[in-house]
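Have a look at the structure below, then the notes.
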Amino acid sequence: MSKIDDMIREALRCEDRAAMRDDDGEPSFFALSRSQFHGVNGWIAWVIMIFQFIFSVLGVYCLVRMFLASEVLAALKWGISGSTALILGLQIKLSLMPQIQADRVIREIRRLELRLSSTEK
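Each number in this note's numbering comes from the position in the sequence shown (counting from 1) with 153 added on.
Spelled out as structure tokens, the structure:
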């Protein structure tokens, strides 16, 4: 046994083993998304979603103003502003995806660690 194996075995508590045994498989996308709002860095996800909501409301407001505009220049101004706000809102929301993917990878690594530690006993 190497020192890393011993460290992994010590790091895996009984609760971790029980949680992984009761696991039904990979969680859904929505479950992974909801998990971003908890934990130490959960506040970051909340701030991101607040800004995404603000940009979405701003984008819809600008697009409504675009459709109500009677001049081409005003419609162009509101349309570009609205589409830019909606794109920014989408980009901000998609910034959570790398963290979701990292959580999936960490989850699979923990699952492999548990399988390896259970087969060695």
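Yeah, the Cβ is synthetic: ideal placement off N, Cα and C, and Gly gets one too. Nothing here was measured: the structure is a model prediction, and the numbers come from that model.
Euclidean distance between Cα positions of residue i and residue j
i    : j    : result
G232 : V225 : 10 Å
L265 : W199 : 31 Å
P251 : Y214 : 30 Å
S270 : R260 : 15 Å
G195 : G235 : 29 Å
M154 : R268 : Because the pLDDT at M154 is just 41, under 50, the model does not fix this residue reliably, and the point stays unresolved.
A222 : L247 : 31 Å
H191 : Q254 : 16 Å
S181 : I197 : 21 Å
Where the alpha helix (DSSP H) containing residue i begins and where it ends
i    : result
A227 : V225 to L247
V217 : G195 to L221
S186 : F182 to S188
CB contact flag (residue i, residue j, <7 Å)
i    : j    : result
I245 : Q205 : yes
Q189 : L249 : yes
Between the stretch 195 to 212 and the stretch 239 to 251, can you find at least three pairs of beta-carbon atoms closer than 8 Å? yes
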